[in-house]
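A short write-up of the structure that comes next.
Pasting the structure below:
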C-alpha cells in the first residue's frame with residue numbers, strides 16, 4: 001500500500017506542455033468565443049437589440 005510515485009521526467013513534462021499549448025488552449029479559446037457569440041445571438045433574438053455597455 002506504500003506506493004511511491006516517480007516524478008515526471010523532462011520528456012513527459014514537455015509532452016504535457018505541448019499538448020496544453022497546441023491542443024487544449026485553441027479548443028478552449030474557440031469554445032469561449034463561440035459561447036460568447038451564441039449568448040449575444042440569443043440575447044438579440046429575445047430582446048431585438050444589441051447589448052450596450
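Residue numbers (UniProt numbering): 1 to 53. From the three backbone atoms N, C-alpha and C, an ideal C-beta is built for every residue, glycine too. Predicted model, so just to flag it, every value in this text is computed and none were measured.
Chain-order list of residues whose beta-carbon lies under 8 Å from that of residue i (same chain, five-residue window excluded)
{"i": "residue 19", "result": "none"}
{"i": "residue 51", "result": "40 and 43"}
For residue i, three-class secondary structure by DSSP
{"i": "residue 8", "result": "coil"}
{"i": "residue 13", "result": "helix"}
{"i": "residue 49", "result": "coil"}
Unbroken alpha helix (DSSP H) run spanning residue i, endpoints
{"i": "residue 24", "result": "Unbroken run through residue 24: none, as it is neither H nor E."}
Contact with chain D by residue i, beta-carbon distance below 8 Å
{"i": "residue 14", "result": "No chain D is present in this structure, which holds just one protein chain."}
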